[in-house]
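Undergrad: Residue numbering for the sequence shown follows the working numbering, starting at 5 and increasing by one per position.
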Amino acid sequence: MDMIWVILIGVGALIAGVALGFFIARKYMMNYLKKNPPINEQMLRTLMMQMGQKPSQKKINQMMRSMNNQNNK
Numbered sequence: 005m006d007m008i009w010v011i012l013i014g015v016g017a018l019i020a021g022v023a024l025g026f027f028i029a030r031k032y033m034m035n036y037l038k039k040n041p042p043i044n045e046q047m048l049r050t051l052m053m054q055m056g057q058k059p060s061q062k063k064i065n066q067m068m069r070s071m072n073n074q075n076n077k
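(1) Return the chain-ordered list of same chain residues with a C-beta closer than 8 Å to the C-beta of residue 14, the five sequence neighbours on each side being excluded.
(2) Can you name, in chain order, every residue of its own chain whose Cβ lies under 7 Å from the Cβ of residue 67, other than the five neighbours on each side?
(3) First and last residue of the alpha helix (DSSP H) that includes residue 16?
(4) Using three-state DSSP, classify residue 55 as helix, strand or coil.
(5) Report the three-state DSSP secondary structure of residue 60 (helix, strand or coil).
(6) Flag this pair as yes or no: are the beta carbons of residue 59 and residue 52 separated by less than 8 Å?
Encoded structure:
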């Protein structure tokens with residue numbers, strides 16, 4: 005009878021730990037993305053200029069669309 009309680013408490017603690025870990029990780033990632041946003045058009049334009057390319061708006065739009073499509077897959 006005592007062994008059943010030990011197993012139930014262990015399973016309950018495991019489930020609570022997984023749920024708590026999920027919410028902590030979710031909160032951490034939301035804060036991280038807020039502080040470090042994914043690449044945007046201005047970052048892409050600067051990157052291309054540093055590589056010696058003169059970026060046109062058409063080229064930037066094309067690269068942004070390509071990155072968004074890749075992220076959605």
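Even for Gly, the Cβ is constructed at its ideal location relative to N, Cα and C.
TA: According to the data block:
(1) none
(2) 48
(3) 6 to 39
(4) coil
(5) coil
(6) yes
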